[in-house]
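K.L.:
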Amino acid sequence: MGATDMTPRDALMRLGASTAEAIAQVLEMFAPGKVTVGDPVTAVDSKAAFHGLRVPAVAMSVSYVDGVTGGNVFVMPLQGARALAAAMMGEAPPEDEATELTELELSAVGEASNQMMAAAAGAIGVVLGQEIEISPPDIQVLDDPAAAAGIYGSSPHATTTTFMIAGEACRLIQLVPNAFVVRMVKGQTSFDPAKVDAAFNQWTETAQKLPGLFPDNSKTGDKTRAAPKIWQAKADFDAKAAAFGKVVAENRDKAKASLDGLKVAVAAVGKACDNCHEDYRLPEQ
Ligand code: HEC
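Have a look at this one:
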């Protein structure tokens with residue numbers, strides 16, 4: 007499917023999935039192995055997106071500030087927020103059923119919220135091809151699901167995605183301005199074949215230069231992450247550089263053809279980067 011035949015629903019699903027993925031990555035960092043993400047679903051309206059929330063819940067949110075109404079709200083049952091805070095502090099999940107967060111828990115959750123909301127805005131910016139301005143993140147404890155919808159305002163479109171954090175069902179609610187959907191449906195995304203071409207030129211050049219970047223007399227260096235193995239297995243290293251160049255060449259047309267093609271191409275190129283790094287790049291010191 008090309009960017010041009012995208013329906014509003016496709017646009018919402020794509021936006022929802024990218025945002026959820028970005029948030030999941032942050033959560034996974036804080037609570038490794040304890041996070042799963044469902045698929046986004048569209049809500050009838052923004053009020054319905056809040057329907058059936060379990061309370062008390064901790065809601066993190068940001069709103070968009072560039073003249074459009076909408077934002078992201080991530081709602082965690084109190085127990086889920088406490089489990090996240092415990093994971094961040096390297097502790098076992100709490101077993102008691104407290105009805106509010108301690109200062110320490112609140113500050114951990116606040117830190118998670120900052121990063122989740124920033125990652126979400128970044129992902130949305132990539133999907134829309136435009137930087138998204140957001141308000142500073144807000145955290146509230148919700149006691150009344152019916153009132154929740156009123157707090158965050160209404161938007162023409164909304165999606166929800168279910169997350170499980172340490173067994174607690176959490177919900178990402180995206181309140182999506184019409185402008186976002188229009189921008190995506192019209193295909194006015196960041197997808198720009200000229201920019202793609204420039205990136206592939208750069209990679210082609212890198213692939214050609216790589217074998218020459220590590221001459222015999224360059225084995226030492228203060229901050230190098232180049233593995234000594236490069237000089238022991240130079241032929242294999244050069245072969246990996248060549249393989250990288252080949253993947254770049256083979257994926258170029260696909261990447262320039264469409265956004266979906268670009269995604270596939272970037273994944274393939276990324277694999278070739280990793281394939282060399284695994285053997286020849288030392289971990290960060
Ligand atoms: C043939 C091997 C090879 C391929 C292919 C390769 N790299 Fe590297 N890369 C290295 C080595 C070796 C280093 C460590 C160099 C050093 O620290 O001197 C490195 C370092 C890096 C660094 C870290 C720089 C730093 O100072 O920490 C980044 C970022 C990077 N590569 C990105 C990429 C990307 C992106 C691609 C693919 C588009 C790629 N590389 C493909 C071998 C490769």
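Heads up: the sequence shown begins at 7 in our numbering, then just goes up one per residue. Ideal Cβ placement from N, Cα and C applies to all residues, glycine included.
1) Considering only residues of the stretch 156 to 225, which uninterrupted beta strand (DSSP E) runs meet the minimum length of 3 residues and lie entirely inside it, listed in chain order?
2) Alpha carbon to alpha carbon, how far is Lys-252 from Ser-119?
3) Regarding Val-81 and the ligand HEC, is the C-beta to nearest heavy atom distance less than 7 Å?
4) So, is Glu-290 buried or exposed, given that buried needs 16 or more other C-beta atoms within 10 angstroms?
5) Under 7 Å: does the beta carbon of Lys-246 sit that close to some heavy atom of the ligand HEC?
6) Going by the C-beta, is Ala-239 closer than 7 Å to any heavy atom of the ligand HEC?
7) Measure the C-alpha to C-alpha separation of Pro-83 and Gly-131 and round it to an integer number of angstroms.
8) With DSSP collapsed to three states, give me the class of Pro-14.
9) CB Pro-62 to CB Val-147, shorter than 8 Å?
10) How long is the line joining the alpha carbons of Gln-121 and Ala-92, rounded to whole angstroms?
11) Going by beta-carbon coordinates alone, are Leu-59 and Arg-177 separated by less than 8 Å?
12) Would you say the beta carbon of Thr-230 comes nearer than 7 Å to a heavy atom of the ligand ADP?
13) Excluding the five sequence neighbours on either side, which residues of its own chain have a C-beta within less than 7 Å of the C-beta of Arg-155, listed in chain order?
14) For the stretch 94 to 107 against the stretch 181 to 193, are there 3 or more C-beta pairs whose distance is under 8 Å?
15) Among residues of its own chain, excluding the 5 on either side of Glu-139, which ones have a beta-carbon nearer than 6 Å to its beta-carbon?
16) With Ala-30 and Phe-169 assumed to form a contact (beta carbons below 8 Å), what rounded beta-carbon distance in angstroms separates them?
17) Could you tell me how far apart the beta carbons of Ala-292 and Leu-107 are, in whole angstroms, since I believe they sit closer than 8 Å?
18) Taking DSSP as the reference, what is the three-state secondary structure of Val-132?
19) Between Val-202 and Ala-255, what straight-line distance do the alpha-carbon atoms span, to the nearest angstrom?
20) So Asp-222 and Trp-237 are in contact, right, with Cβ under 8 Å, and what is the actual spacing, rounded?
21) Do you know whose CA, among Ser-264, Arg-15, Lys-225, lies nearest Pro-46's CA?
22) Comparing the CB of Ala-278 with every heavy atom of the ligand HEC, is any distance shorter than 7 Å?
P.N.:
This is what the structure holds:
1) DSSP runs (the beta strand (DSSP E)) wholly in the stretch 156 to 225: 163 to 171, 174 to 182.
2) 41 Å
3) no
4) Its Cβ having fewer than 16 others within 10 Å, Glu-290 is exposed.
5) yes
6) no
7) 28 Å
8) The three-state reading of DSSP puts Pro-14 in helix, counting H, G and I together.
9) Contact: yes.
10) 17 Å
11) Taking 8 Å as the Cβ cut-off, Leu-59 and Arg-177 qualify as a contacting pair.
12) The ligand ADP is absent from the structure shown, which contains only the ligand HEC.
13) Here the sequence assigns Ala to residue 155, which means Arg is not the residue at that position. Counting only Cβ-Cβ distances below 7 Å, and skipping sequence neighbours, we find Ser-52, Lys-53, Phe-56.
14) no
15) Val-71, Asp-72
16) Yes, they are in contact, since the Cβ atoms of Ala-30 and Phe-169 sit about 7 Å apart, within 8 Å.
17) Within the shown structure, residues of the chain are numbered from 7 to 291, placing residue 292 beyond reach of any answer.
18) In the structure shown, Val-132 sits in a helix (DSSP, three-state: H, G or I).
19) Each residue's Cα considered, the two are about 13 Å apart.
20) 7 Å
21) Of Ser-264, Arg-15, Lys-225, the residue nearest in Cα terms is Arg-15.
22) yes
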